[in-house]
């Protein structure tokens, strides 16, 4: 596949009917589905709104990556997108950076790198704000307790 989608496409779920068609095709092909059938189904699952579907899609992409070396480049990007969608930013970054080692100018991977970095920064700031809030609350409780129980 020469053209990879941008990360925004991962947020657009297929309709239940479209997903069902891809699932039926995948299942109809039995134990050894064609690689493109498996890939299409995996990508549809990654795009799903449901975490269990997304996880199943990522598992299928891992299988394709292991079994078909000529599809690895493509799988790296889709694995990165899937992990990003699940909030597994470390894994997303790992797959995306591996792709960028192969294709340093890949615009989709560069765009995804920025998204991952932005998300990690914003969640890091959110985490710091939560910790700061907890520390403040504990401090206020401790101060209140100390005022009520003055030492002689």
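Residue numbers (this note's numbering): -18 to 133. C-beta: ideal position from N, C-alpha, C; glycine also. Keep in mind that this is a model prediction, so the values were computed, not measured.
From 36, 45 and 7, pick the residue whose C-alpha is nearest to that of residue 22; which is it?
7
How is residue 12 classed by DSSP in three states: helix, strand or coil?
coil
Quick check on this structure: which residue in 75, 46 and 25 has the alpha carbon closest to the alpha carbon of residue -5?
25
What's the C-alpha gap between residue 77 and residue 102?
17 Å
Three-state class that DSSP yields for residue 68 in the structure shown:
coil
So residue 61 packs on residue 73, CB below 8 Å; how close in whole Å?
5 Å
Range covered by the alpha helix (DSSP H) that runs through residue 32
32 to 48
Could you give the distance in angstroms between the alpha-carbon of residue 28 and the alpha-carbon of residue -3?
11 Å
Give the DSSP-derived three-state secondary structure of residue -5 in the structure shown.
coil
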